[in-house]
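K.L.:
Just so you know, we're using UniProt numbering here: the first sequence kicks off at 1 and counts up by one.
Yeah, the Cβ is synthetic: ideal placement off N, Cα and C, and Gly gets one too.
Shown below is the structure under consideration.
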Amino acid sequence: MAAKRKLAENPNSELIDFLHELADYEKNVSRMIHKYNAYRKAASSIAKIDHKIQSITDIKGLEGIGKKIAAKIEQYLSTGKIKKLETNRGDETGAAINQMTRVMGIGPTHANKLVHQEKITSIDELRSHPKRDQLLNKTQQLGLKYLEEFEQKIPRDEIKQMETILLREITAMDNLLRAEIVGSYRRGATASSDIDVLVTHPAVAKLPSLLHKIVETLTKQFHFITDTISIGDSKFMGVCQIDTSKLHRRIDIRYIFN
DNA sequence: TAGCAACG
DNA sequence: CATCGTTGCTAA
Numbered sequence: 001m002a003a004k005r006k007l008a009e010n011p012n013s014e015l016i017d018f019l020h021e022l023a024d025y026e027k028n029v030s031r032m033i034h035k036y037n038a039y040r041k042a043a044s045s046i047a048k049i050d051h052k053i054q055s056i057t058d059i060k061g062l063e064g065i066g067k068k069i070a071a072k073i074e075q076y077l078s079t080g081k082i083k084k085l086e087t088n089r090g091d092e093t094g095a096a097i098n099q100m101t102r103v104m105g106i107g108p109t110h111a112n113k114l115v116h117q118e119k120i121t122s123i124d125e126l127r128s129h130p131k132r133d134q135l136l137n138k139t140q141q142l143g144l145k146y147l148e149e150f151e152q153k154i155p156r157d158e159i160k161q162m163e164t165i166l167l168r169e170i171t172a173m174d175n176l177l178r179a180e181i182v183g184s185y186r187r188g189a190t191a192s193s194d195i196d197v198l199v200t201h202p203a204v205a206k207l208p209s210l211l212h213k214i215v216e217t218l219t220k221q222f223h224f225i226t227d228t229i230s231i232g233d234s235k236f237m238g239v240c241q242i243d244t245s246k247l248h249r250r251i252d253i254r255y256i257f258n
């Protein structure tokens, strides 16, 4: 295989990162979803520019860049910094809220509640909190338990091994069932953030309970699935592990029935 | 049971 | 890339 070339970096990536950071703060901490959208829109406009922005005239009139954001970009161009961003970074409460949102299932609403009502300021404090299990629903408890593992990318080779097991065991259950790994793995990625499985059955009006059956088998017979986050008739979200020496991984199984 | 929160 | 469908939780 040809050596993988490093993707040419966007000439304005630092500015784009700053805008994303401002956006996240508005969404997670200030709870201003419209400001969040405005920053995202501005960032995506700038991402389309293929040369390094030299002056404010390069972006004046660009879609999604109004007075307020233009002023911040001006600050960035002249000083390399954005005051608002520096202020945000100095906000310890805001930092705590952002930490909480690292946990799967904890969004802006719950993160704010944990920090403002329970005065929790870090992941460690959340872990050791006496009321931890009352403060978090089941999804969030799993998210906290596996936080560091879920933040690790899954090497392609590991997904390949999982693919072998999944395809074998699912077709063994019913030889009409077809399973395939989709998502970034399917698109050739060398590492993925989760495993995305698509299961189809050619027969019409097949029982919706088939997904439950698949999940039950992979859990009880093979101990491949270790936890269920949510399960309905068409979508399973959970946790799996190829063997006990490997990390726990996020897995989604979608079942398409006609 | 509706409506919110979170995920992908 | 954002919007929307699916799922779970909880207040009413």
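Considering only residues of the segment 151-220, which uninterrupted alpha helix (DSSP H) runs meet the minimum length of 4 residues and lie entirely inside it, listed in chain order?
P.N.:
Correct list: 156-173, 183-186, 210-220.
K.L.:
For A2, which residues from the same chain have a beta carbon less than 7 angstroms from its beta carbon, with the 5 sequence-adjacent residues on both sides left out?
P.N.:
Interpretation of A2 is limited by its pLDDT of 46, a score under 50 that renders its predicted location unreliable; no figure is taken from the coordinates.
K.L.:
Starting from S230, trace the beta strand (DSSP E) both ways and give me its first and last residue.
P.N.:
225-231
K.L.:
Express the C-alpha separation of L144 and A75 in angstroms, rounding to a whole number.
P.N.:
Looking at the sequence shown, residue 75 is not Ala but Gln. Those two C-alpha atoms are separated by around 38 angstroms.
K.L.:
Sorted by chain position, which residues of the same chain lie with C-beta nearer than 6 angstroms to Y146's C-beta, five sequence neighbours on each side aside?
P.N.:
H248
K.L.:
Sort M100, K213, G105 by Cα distance to I170 and report the nearest one.
P.N.:
K213
K.L.:
What does DSSP give as the partner residues of I251 in its beta bridges?
P.N.:
Bridge partners of I251: I195, G238.
K.L.:
Assign T101 to one of two classes, buried (16 or more other C-beta atoms within 10 Å of its C-beta) or exposed (fewer than that).
P.N.:
buried
K.L.:
Below 8 angstroms on the Cβ atoms is my contact criterion, and I expect V197 with I253 to pass it. Report the Cβ-Cβ distance as a whole number of Å.
P.N.:
4 angstroms
K.L.:
With burial defined as no fewer than 16 other Cβ atoms inside 10 Å of the residue's Cβ, what is the status of R250: buried or exposed?
P.N.:
buried
K.L.:
Would you say the segment 38-51 touches the segment 65-85, given that touching needs at least three Cβ pairs under 8 angstroms?
P.N.:
yes
K.L.:
By Cβ distance, which residues of its chain are closer than 7 angstroms to K27, with the 5 residues on each side in sequence left out?
P.N.:
I33, Y36, P108
K.L.:
Starting from the N-terminal side, write out each stretch of the alpha helix (DSSP H) that is 4 residues or longer and does not extend beyond the segment 66-114.
P.N.:
67-79, 83-89, 92-100
K.L.:
Is the Cβ-Cβ distance between A96 and S122 less than 8 angstroms?
P.N.:
It is a contact, given that the beta carbons lie within the stated cut-off.
K.L.:
DSSP on I120, reduced to helix/strand/coil?
P.N.:
Annotated three-state conformation of I120 is coil, per DSSP.
K.L.:
Identify which residue in N175, K235, L85, I195 has its Cα closest to the Cα of P202.
P.N.:
N175
K.L.:
Cutting at 6 angstroms between CB atoms, please list the residues of its own chain near E163, excluding the five before and the five after it.
P.N.:
I181
K.L.:
Look up I256 in the DSSP assignment and say whether it is helix, strand or coil.
P.N.:
strand
K.L.:
How is D133 classed by DSSP in three states: helix, strand or coil?
P.N.:
Helix.
K.L.:
For a test of the three-state rule: what should DSSP assign to H34, helix, strand or coil?
P.N.:
helix
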